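Novice: For the sequence shown, this note's numbering gives the first residue as 1113, with consecutive numbering after it.
For every residue, glycine included, the Cβ atom is placed at its ideal position computed from N, Cα and C.
Just so we're clear, the structure is a prediction, and the values are computed from it rather than from any experiment.
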Amino acid sequence: MKYDKIVFGGLVVTPGGTIAADVAICGEKIAAIGSGLAELVPEAEKIDASGHLVLPGVLDVHVHLELPFCGTTSSDDYRTGTRAGARGGVTTLIDFAIPYGRDGKYESLSQAADNWHRKAEGKAMIDYTFHICITKWDQHFNQVKGMVDRGFPTFKEFMIYESEGWQSDDRAMFGTLELMAEYGSMLLVHAESSRVLDELIQRFHTPDMMQRYGARLHAMTRPNFIESEAIQRAVTWSEVTGGPLYIVHMSTGEGADIIQDAQARGIPVTAETCAQYLVLDDSVFAEPDGHLFACCPQVKKPKDVARLWQGLTDGEVSVVSTDTCSFTREQKAMWAGDWTKIPMGMPGLETLLPVVYTHGVLENRITLEQLVEKLSTNPARIMGLAPRKGMIQVGSDADLVIIHPDRKFEIDPATMETNTDWNPYEGSELAGFARTTLSRGEVIVDNYRVVGKEGRGQWLARTTAGPLK
Ligand code: URP
Ligand code: ZN
Ligand code: ZN
1113 MKYDKIVFGG
1123 LVVTPGGTIA
1133 ADVAICGEKI
1143 AAIGSGLAEL
1153 VPEAEKIDAS
1163 GHLVLPGVLD
1173 VHVHLELPFC
1183 GTTSSDDYRT
1193 GTRAGARGGV
1203 TTLIDFAIPY
1213 GRDGKYESLS
1223 QAADNWHRKA
1233 EGKAMIDYTF
1243 HICITKWDQH
1253 FNQVKGMVDR
1263 GFPTFKEFMI
1273 YESEGWQSDD
1283 RAMFGTLELM
1293 AEYGSMLLVH
1303 AESSRVLDEL
1313 IQRFHTPDMM
1323 QRYGARLHAM
1333 TRPNFIESEA
1343 IQRAVTWSEV
1353 TGGPLYIVHM
1363 STGEGADIIQ
1373 DAQARGIPVT
1383 AETCAQYLVL
1393 DDSVFAEPDG
1403 HLFACCPQVK
1413 KPKDVARLWQ
1423 GLTDGEVSVV
1433 STDTCSFTRE
1443 QKAMWAGDWT
1453 KIPMGMPGLE
1463 TLLPVVYTHG
1473 VLENRITLEQ
1483 LVEKLSTNPA
1493 RIMGLAPRKG
1503 MIQVGSDADL
1513 VIIHPDRKFE
1523 IDPATMETNT
1533 DWNPYEGSEL
1543 AGFARTTLSR
1553 GEVIVDNYRV
1563 VGKEGRGQWL
1573 ARTTAGPLK
């Protein structure tokens, strides 16, 4: 057997457990896993992983790059965003292709995919694909099958964002889930209850309230029931149609309870949370720069943080992603004291693995195997990318991240790849940054520095998607 590269001496996390082993690579694929491989093939290039952990590359399946949103465009594009991902051990990302519309006439689903392909081409350093957003049901419903055939088996609907022109109603969700059941595909839903949310925003949107509470109004107008009622409703549509449903960026303990109950009843629903909901809470909005932390849904209370970690160990929360949607301080300053005008979103690709490794594994909330399951294996399986991605096994892509078990770095936006001049974890110390990242057998991060070529990332075609079996 010809091996080009051998990662030797590390502790390798495989689907079967963690073992001391070498990983041999032939071309873009993992060719062998075992002991003593480095001595067997002296001519192969050697990558020393002694004293390190070797994990499958991370899949961040909820990312927005160069997204026109909230009156501006998110500041990480495919160049900076994928460099940031590489530094954080992310080797695959899934973005959202959104059809925009004017005067009731919307771009087609296919045009949206083409637009997102253009954003990625020539810039992406890691592999990528897109979820296809349905923003105008009456025009898009008969284009869904064509997109499945084109290699996009995951769709997305937003229950809010009327002013962006992205909002879906119950009819659209119900109809889309019927199609998902038929095509072996899956609907992702941003679940927040829009009419009640609008009502609460209107009640609080006075000069006096804004003067008094500032960015805290972002949390005050989004009590937990805004998310939980919407999740419950989407789950009902999944139950009656049999269509696979995936709740994105779940932020509440109540949401986790609903998902746990639904899964126990055999409803094909899966839930994702994001790194920020596992470590931040809404006390951030009382800080002088609290508006920077506005994302949608917003970070919640410490009891929600605890319940979401519990969901990761109990199993009802299957995936941790980031919902990366970066904005600079200047962009965030557009709020000028009115919380409804804050561009919503935070950077995350670069810190996903470090945050979950440091606060999850090193603080004994989850095991190393659970970390790999939630960041790599489960997202790959659910999104139709396994066994190619998400696992260290013979035949899979040689997407690997090598991390030191406890070497920490201080989070400083000035030294990061992310294109923002602030960071939600600024000043804290995190372990778990990639010493080495390999993407399809190629070293793209070496000694903590990004060395890969821009534009080398490939689009990944998929056929089916759905809950873990
Ligand atoms: O704040 C966020 N999440 N921005 C991106 C849009 C979304 O809802 O995912
Ligand atoms: Zn969302
Ligand atoms: Zn999002």
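(1) What did DSSP end up calling Y1218 once you bin it into helix, strand or coil?
(2) Using only the alpha-carbon positions, how far apart do T1266 and S1297 sit?
(3) Strictly closer than 7 Å from CB to any heavy atom of ligand 2: give me those residues in the order they appear in the chain.
(4) Just to confirm the assignment: which complete beta strand (DSSP E) runs, minimum length 3, are found wholly within the segment 1454-1517?
(5) Quick one: using the 10 Å Cβ neighbour count with 16 as the cut-off for buried, is K1565 buried or exposed?
(6) How about C1245: is its Cβ closer than 7 Å to a heavy atom in ligand 3?
(7) Put L1572 into one of helix, strand or coil per three-state DSSP.
(8) By how many angstroms is the C-alpha of S1395 removed from the C-alpha of N1531?
(9) Near D1509, which residues of its chain fall below 7 Å by C-beta distance, leaving aside the five closest residues on each side in sequence?
(10) Given a cut-off of 8 Å, decide if L1289 and L1357 are closer than it, judged by their beta-carbon atoms.
(11) Beta carbon of C1182: closer than 7 Å to some heavy atom of ligand 3?
(12) Which whole runs of the beta strand (DSSP E) in the segment 1126-1162 are 3 residues long or more, in chain order?
(13) Where T1203 and P1168 are concerned, what is the direct C-alpha to C-alpha distance, given to the nearest angstrom?
(14) Throw me the rounded Cβ distance for the T1436 and H1164 pair, which I believe falls under 8 Å.
(15) Can you tell me the Cα-Cα spacing of I1379 and E1351, whole angstroms?
(16) Is the beta carbon of G1121 closer than 8 Å to that of A1546?
(17) Could you name each continuous alpha helix (DSSP H) segment of 4 residues or more that falls completely within the segment 1224-1291, going from the start of the chain to the end?
(18) Can you tell me whether R1199 is helix, strand or coil according to DSSP?
(19) Under DSSP, the alpha helix (DSSP H) around F1337 begins and ends at which residues?
(20) Does the distance between the C-beta of M1456 and the nearest non-hydrogen atom of ligand 1 fall short of 7 Å?
(21) Checking the sheet assignment: what are the DSSP bridge partners for T1382?
(22) In whole angstroms, what is the alpha-carbon distance linking G1213 and K1257?
(23) Would you check if there are 3 or more beta carbon pairs closer than 8 Å linking the segment 1436-1446 to the segment 1177-1186?
(24) Use the C-beta contact count for G1367: other C-beta atoms within 10 angstroms, 16 or more gives buried, fewer gives exposed.
(25) Please report the straight-line C-alpha distance between W1451 and G1326, rounded to a whole angstrom.
(26) Going by DSSP, name the residue or residues bridged to A1546.
(27) Between K1268 and the rest of its own chain, which residues show a CB-CB distance below 8 Å, the 5 nearest in sequence each way excluded?
(28) Applying the criterion that 16 or more other CB atoms from any shown protein chain within 10 Å of the CB defines a buried residue, is E1529 buried or exposed?
(29) Can you give me the C-alpha to C-alpha distance between L1098 and K1444, rounded to a whole angstrom?
(30) Please name the residue, chosen from E1442, C1138, V1467 and K1235, that lies closest to L1392 on a Cα-to-Cα basis.
(31) When DSSP builds the beta bridges, which residues end up paired with T1204?
(32) Report all residues from its chain with a CB closer than 6 Å to the CB of I1131; omit the five preceding and five following residues, and keep chain order.
(33) Determine whether the beta carbon atoms of T1382 and S1433 lie at a separation below 8 Å.
(34) DSSP beta-bridge partners for P1180?
(35) Just tell me which of R1345, C1386, Y1389 and A1387 has its CA closest to the CA of I1371.
(36) Scan the segment 1364-1449 and note each continuous beta strand (DSSP E) run of 3 residues or more that stays entirely inside, going in chain order.
Specialist: In brief:
(1) If you number the sequence shown from 1, residue 1218 lands on position 106. Looking at Y1218 - three-state DSSP - the assignment turns out to be strand.
(2) By one-based count along the sequence shown, residue 1266 stands at place 154. By one-based count along the sequence shown, residue 1297 stands at place 185. Put simply, the backbone Cα of T1266 is about 6 Å away from that of S1297.
(3) The set, ordered by position in the chain, is F1270, H1302, V1360, H1361, C1408 and D1435.
(4) Complete beta strand (DSSP E) runs here, min 3: 1512-1515.
(5) In the sequence shown, counting from the first residue as 1, residue 1565 sits at position 453. With a threshold of 16 other beta carbon atoms within 10 Å, K1565 falls short and is exposed.
(6) Here residue 1245 refers to the residue found at position 133 of the sequence shown. No.
(7) The residue you call residue 1572 lines up with position 460 of the sequence shown. In the structure shown, the three-state DSSP call for L1572 is coil.
(8) Counting from 1 along the sequence shown, the entry for residue 1531 is found at position 419. Counting from 1 along the sequence shown, the entry for residue 1395 is found at position 283. Note on geometry: alpha-carbon atoms of N1531 and S1395 lie some 25 Å from one another.
(9) Numbered from 1 along the sequence shown, position 397 holds the residue referred to as residue 1509. Leaving aside the five residues that flank D1509 on each side, the residues in its chain whose CB is nearer than 7 Å to its CB run, in chain order, E1140, K1141, R1500, K1501 and R1552.
(10) In the sequence shown, counting from the first residue as 1, residue 1357 sits at position 245. In the sequence shown, counting from the first residue as 1, residue 1289 sits at position 177. Between L1357 and L1289, the C-beta gap is smaller than 8 Å, which places the two residues in contact.
(11) Start at 1 with the first residue of the sequence shown, and residue 1182 comes out as number 70. No; taking the cut-off as 7 Å, the Cβ of C1182 has no heavy atom of ligand 3 nearer than that.
(12) You should have 1129-1138, 1141-1146 and 1157-1160.
(13) Working through the sequence shown from its first residue, we reach residue 1203 at position 91. Working through the sequence shown from its first residue, we reach residue 1168 at position 56. Going by the C-alpha atoms only, they are around 9 Å apart.
(14) Counted from its first residue, the sequence shown places residue 1436 at position 324. Counted from its first residue, the sequence shown places residue 1164 at position 52. Incorrect: roughly 26 Å between the Cβ atoms, too far for contact.
(15) Your numbering for residue 1379 matches position 267 in the sequence shown. Your numbering for residue 1351 matches position 239 in the sequence shown. Here the C-alpha atom of I1379 lies approximately 5 Å from the C-alpha atom of E1351.
(16) Counting from 1 along the sequence shown, the entry for residue 1546 is found at position 434. Counting from 1 along the sequence shown, the entry for residue 1121 is found at position 9. Not a contact, by the Cβ cut-off of 8 Å.
(17) Within the segment 1224-1291, the alpha helix (DSSP H) runs of at least 4 residues that lie entirely inside it are, in chain order, 1249-1252 and 1256-1261.
(18) Residue mapping note: residue 1199 aligns to position 87 of the sequence shown, counting from 1. Looking at R1199 - three-state DSSP - the assignment turns out to be helix.
(19) The residue labelled residue 1337 in the question sits at position 225 within the sequence shown. F1337 -> alpha helix (DSSP H) spans N1336 to T1353.
(20) Taking the sequence shown and counting its residues from 1, the one referred to as residue 1456 is at position 344. Distances from the CB of M1456 to the heavy atoms of ligand 1 include at least one below 7 Å.
(21) Along the sequence shown, one-based indexing puts residue 1382 at 270. Bridge partners of T1382: Y1358.
(22) Residue numbering aside, residue 1213 sits at position 101 when the sequence shown is read from its first letter. Residue numbering aside, residue 1257 sits at position 145 when the sequence shown is read from its first letter. Whole-angstrom Cα-Cα distance: 21 Å.
(23) When C-beta atoms of the segment 1436-1446 are compared with those of the segment 1177-1186, three or more pairs fall below 8 Å, so the two segments count as touching.
(24) To locate residue 1367, count along the sequence shown from 1; it is residue 255. G1367 sits buried, since 16 or more C-beta atoms from the chains shown fall within 10 Å of its C-beta.
(25) Within the sequence shown, residue 1451 is the residue found at index 339, counting from 1. Within the sequence shown, residue 1326 is the residue found at index 214, counting from 1. So the alpha carbons of these two residues sit roughly 7 Å apart.
(26) As a first step, residue 1546 is located in the sequence shown; it is residue number 434 there, counting from the start. Beta-bridge pairing links A1546 to I1515.
(27) Counting from one through the sequence shown, the residue named residue 1268 turns up at place 156. Cβ within range, chain order: F1208, H1243, I1244, C1245, I1246, L1299, L1300, V1301, H1302 and V1360.
(28) Start at 1 with the first residue of the sequence shown, and residue 1529 comes out as number 417. With 16 or more Cβ atoms within 10 Å of its Cβ, E1529 is classed as buried.
(29) Residue 1098 is absent from the structure shown; the chain starts at 1113 and stops at 1581.
(30) For this step, residue 1392 is matched to residue 280 along the sequence shown. Cα-wise, what sits closest to L1392 is V1467.
(31) As a position in the sequence shown, residue 1204 is number 92, starting the count at 1. T1204 is bridged to L1171 and D1239.
(32) Locating residue 1131 in the sequence shown gives position 19, where the first residue counts as 1. V1124.
(33) Position 270 of the sequence shown, counted from the start, is the residue given in the question as residue 1382. Position 321 of the sequence shown, counted from the start, is the residue given in the question as residue 1433. Between T1382 and S1433, the CB-CB gap reaches or exceeds 8 Å.
(34) Within the sequence shown, residue 1180 is the residue found at index 68, counting from 1. Partner(s): T1185.
(35) Here residue 1371 refers to the residue found at position 259 of the sequence shown. Nearest of R1345, C1386, Y1389 and A1387 to I1371, Cα basis: R1345.
(36) Runs of beta strand (DSSP E) with 3 or more residues, each lying fully within the segment 1364-1449, are found at 1381-1386 and 1431-1433, listed in chain order.
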